[in-house]
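The structure appears right after this line, and notes come after that.
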Amino acid sequence: MKYDVVIIGSGLGGLLCANILAKEGYNVCLVEKNSRLGGSLQSFGRKGCIFNTGLNYTESLDNGQILNQYFRYFGLMDRLKLKRLDENGFDIISLPSGKYPLAIGHENFRETLLRRFPGENDGLTSYLKNIRNICDSISLYNLSEKPFNILMSSSMATGAADFIRSVISNETLRNVVAGNNLMYAGHEKKTPLLFHALINNSFIESAWRVTDGSNVMIKTLEENIESSGGTILKNTKAVRFTSGGGTLRTLVTGTGQEIEARWFISATHPEQLLSMTDQLRVSGAFAFRIKKLEDTIGMFSMYLVFKKDSFPYLNYNFYHYDRENTWVAGDYDPGKWPQNYVLMCTADSGADTYSRSASVLTYMSFGELKKWENTVTGCRGEDYEEFKKEKCEKLFDSVERQFPGIRSCVSTCYSSTPLTWRDYTGTRAGSAFGLLKDYNSPMESIILPKTKIPNLFLTGQNTNMHGILGVTISAVLTCGEIVDIRNLIRKIKNA
Numbered sequence: 200m201k202y203d204v205v206i207i208g209s210g211l212g213g214l215l216c217a218n219i220l221a222k223e224g225y226n227v228c229l230v231e232k233n234s235r236l237g238g239s240l241q242s243f244g245r246k247g248c249i250f251n252t253g254l255n256y257t258e259s260l261d262n263g264q265i266l267n268q269y270f271r272y273f274g275l276m277d278r279l280k281l282k283r284l285d286e287n288g289f290d291i292i293s294l295p296s297g298k299y300p301l302a303i304g305h306e307n308f309r310e311t312l313l314r315r316f317p318g319e320n321d322g323l324t325s326y327l328k329n330i331r332n333i334c335d336s337i338s339l340y341n342l343s344e345k346p347f348n349i350l351m352s353s354s355m356a357t358g359a360a361d362f363i364r365s366v367i368s369n370e371t372l373r374n375v376v377a378g379n380n381l382m383y384a385g386h387e388k389k390t391p392l393l394f395h396a397l398i399n400n401s402f403i404e405s406a407w408r409v410t411d412g413s414n415v416m417i418k419t420l421e422e423n424i425e426s427s428g429g430t431i432l433k434n435t436k437a438v439r440f441t442s443g444g445g446t447l448r449t450l451v452t453g454t455g456q457e458i459e460a461r462w463f464i465s466a467t468h469p470e471q472l473l474s475m476t477d478q479l480r481v482s483g484a485f486a487f488r489i490k491k492l493e494d495t496i497g498m499f500s501m502y503l504v505f506k507k508d509s510f511p512y513l514n515y516n517f518y519h520y521d522r523e524n525t526w527v528a529g530d531y532d533p534g535k536w537p538q539n540y541v542l543m544c545t546a547d548s549g550a551d552t553y554s555r556s557a558s559v560l561t562y563m564s565f566g567e568l569k570k571w572e573n574t575v576t577g578c579r580g581e582d583y584e585e586f587k588k589e590k591c592e593k594l595f596d597s598v599e600r601q602f603p604g605i606r607s608c609v610s611t612c613y614s615s616t617p618l619t620w621r622d623y624t625g626t627r628a629g630s631a632f633g634l635l636k637d638y639n640s641p642m643e644s645i646i647l648p649k650t651k652i653p654n655l656f657l658t659g660q661n662t663n664m665h666g667i668l669g670v671t672i673s674a675v676l677t678c679g680e681i682v683d684i685r686n687l688i689r690k691i692k693n694a
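The opening residue of the sequence shown carries number 200 in the working numbering; numbering runs sequentially from there.
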């Protein structure tokens, strides 16, 4: 079997690369080890309710906004059922000192917080101006045809927490504007301003839930690939490459099948890729760098099915912290678990007044799961199930303090740990957002799409940026190594 491009991994990055290249006329083969596509983009059903694993809410989908335009190009805007989150508080940041809304729209965001922090007009104005300017400077955020290199941005070498401290004087407000950093595992001493700015500015522009689950995204992207002549191989594990003349020649699968291609794109964790290229003598320095890079922390997820008409549908996301510090990932303490969580009701067609289901996510270190690290999902034993049950009880205790009576509203509770993420998405240590980006050493922590092997490229949340918008931009950059990126940008702009 011979293709123009073989793509390994069907997370969002792999799916988007396959869509772009198939639309551009390339003969594409997408290889996925699992029976289902989508990675952490998947949703699943329990007791008639839908739960999302990764896409709990997304951003910038109003007409004229950046993700709207990308989604139009991919044929998603006409297929998705979207629910806009509360204009006056799409996120609620809950601290011991009070509850603070983050509003949609720059002016609304500023004015809403000024009611609680009347002396911070200059600080909020400066904050919003700076994060918007950073986004304006990123060419693919604006579909500019200027060359893009994430390392050229000064905000990549500036700490997000440091910047916030420099423009906002009130300590509580500093924590509030960083209060949703759980959605990118924000680290006070490592997260670059660039990532905070791109994510926060995008959500301030507009915030949405996908109604009835994110699987429609996967189905649409899968149909696009196949209608453009692409091939999708599920239940096909990529094991190793063969090479010749300094380039890759074939991908060898778990069954011994060899798939030949001109180019290869890996949407897997870079360390997994290293195991597939050992025999190619990939640069020792690169291999050492990948192995020492830190991953973002994983998540413990609790999935709640509510009794009929028992719990109100909350059209916002509720981020709670047990102390006046929202930078928890870098100060994680298992002895104080859970230190934070986010509760998100699921948007479904029949849930406007009451919610049928909700997800509660909080950090969990992989070190707490070492006992079961050599097991697989569904075969971890009774002690693992007891561990999860105890964690659910502790998390319920914390949620109950903010939502009295929520326990009595729940008919069924399910849970998952970073081990589940590791098994289904292939992320090292069940990391929720891939490699941790570090403003102290941006050259080392940023993985670019191009590798030392001329016909091997990288994509996905471990390269450049993560999040729905970040991975979309990364996929365009990766494909730009094969196609004319300026022409591709024009097509996206005109979609």
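Yeah, the Cβ is synthetic: ideal placement off N, Cα and C, and Gly gets one too.
These numbers come from a predicted model, not from an experiment.
Checklist entry - Straight-line CA distance for residue 687 to residue 215? => result Residue 687 and residue 215 have their alpha carbons spaced roughly 13 Å apart.
Next on the checklist: Strictly by DSSP, which residues pair up with residue 494?
Outcome noted: According to DSSP, which records beta bridges pairwise, residue 494 is partnered with 634.
Item to check | Beta carbon proximity, residue 348 to chain C, threshold 7 Å | outcome: No chain C appears in this structure, which consists of one protein chain only.
Checklist entry - Just the Cα atoms here: how many angstroms apart are residue 545 and residue 680? => result Whole-angstrom Cα-Cα distance: 38 Å.
Checklist entry - DSSP state of residue 272, grouped into three classes? => result Per DSSP, reduced to three states, the secondary structure at residue 272 is helical.
Item to check | Local Cβ density within 10 Å of residue 321, reported as buried at 16 or more and exposed below that | outcome: It is exposed - the Cβ of residue 321 has fewer than 16 other Cβ atoms within 10 Å.
Next on the checklist: Am I right that residue 421 and residue 236 are in contact with their C-beta atoms under 8 Å? What's the rounded C-beta distance?
Outcome noted: Their Cβ separation, rounded to whole angstroms, is 6 Å, which keeps residue 421 and residue 236 in contact under 8 Å.
Next on the checklist: Comparing C-alpha positions only, which one of 339, 377 and 602 sits nearest to residue 512?
Outcome noted: Ranking 339, 377 and 602 by Cα distance to residue 512 puts 602 first.
Item to check | Buried or exposed (CB count within 10 angstroms, at least 16 for buried), residue 350 | outcome: Burial call: exposed.
Item to check | Run of the alpha helix (DSSP H) containing residue 648, from where it starts to where it stops | outcome: First-last for residue 648: undefined, no H or E at that position.
Next on the checklist: Using a Cβ-Cβ cutoff of less than 7 Å, which residues in the same chain neighbour residue 476 once the five nearest sequence positions on both sides are dropped?
Outcome noted: Short of 7 Å from the beta carbon of residue 476, and not among the five residues preceding or following it, lie these beta carbons of its own chain, in chain order: 440.
Checklist entry - CA-CA distance, residue 600 and residue 510? => result Whole-angstrom Cα-Cα distance: 15 Å.
Next on the checklist: Quick check on the DSSP output: what are the complete beta strand (DSSP E) runs of length 3 or more inside the region 284 to 351, in order along the chain?
Outcome noted: Runs of the beta strand (DSSP E) inside the region 284 to 351: 290 to 294 and 297 to 301.
Checklist entry - From residue 646 to residue 609, what does the alpha carbon distance come to, in whole angstroms? => result Residue 646 and residue 609 have their C-alpha atoms roughly 43 Å apart.
Item to check | Same chain, Cβ closer than 7 Å to residue 425, neighbours up to 5 away in sequence not counted | outcome: Sequence-distant Cβ neighbours of residue 425 in its own chain, meaning closer than 7 Å and more than five residues away, are 431.
Checklist entry - Which one of 489, 334, 555 and 377 has the shortest CA to CA distance from residue 361? => result Distance from the Cα of residue 361 is smallest, within the candidate group 489, 334, 555 and 377, for 377.
Next on the checklist: Is the separation between the beta-carbon of residue 413 and that of residue 240 shorter than 7 Å?
Outcome noted: Inclusion of residue 413 and residue 240 in the CB contact set at 7 Å is warranted, their separation being smaller than that value.
Checklist entry - With 16 other CB atoms within 10 Å as the buried threshold, where does residue 293 fall? => result Looking at its Cβ environment, which holds 16 or more other Cβ atoms inside 10 Å, residue 293 is buried.
Checklist entry - Does the beta-carbon of residue 319 have 16 or more other beta-carbons within 10 angstroms, so that it is buried, or is it exposed? => result Taking all protein chains in view, the Cβ of residue 319 is crowded by 16 or more other Cβ atoms within 10 Å, so the residue is classified as buried.
Checklist entry - Just the Cα atoms here: how many angstroms apart are residue 233 and residue 329? => result Taking the CA atoms as reference points, residue 233 sits about 42 Å from residue 329.
Item to check | N-terminal and C-terminal residue of the beta strand (DSSP E) that residue 596 is part of | outcome: Per DSSP, residue 596 belongs to no beta strand (DSSP E); it is in the alpha helix (DSSP H), 581 to 601.
Checklist entry - Taking all protein chains shown into account, do 16 or more other C-beta atoms lie within 10 angstroms of the C-beta of residue 487, making it buried, or fewer, making it exposed? => result Result: exposed.
Item to check | Delimiting residues of the alpha helix (DSSP H) encompassing residue 551 | outcome: Unbroken run through residue 551: none, as it is neither H nor E.
Item to check | Exposure of residue 693, with buried meaning 16 or more beta-carbon neighbours within 10 Å | outcome: Residue 693 comes out exposed.
Next on the checklist: For residue 579, count the other beta carbons within 10 Å of its own beta carbon; 16 or more makes it buried, fewer makes it exposed. Which is it?
Outcome noted: Burial check for residue 579: the Cβ neighbour count within 10 Å reaches 16 or more, so the residue is buried.
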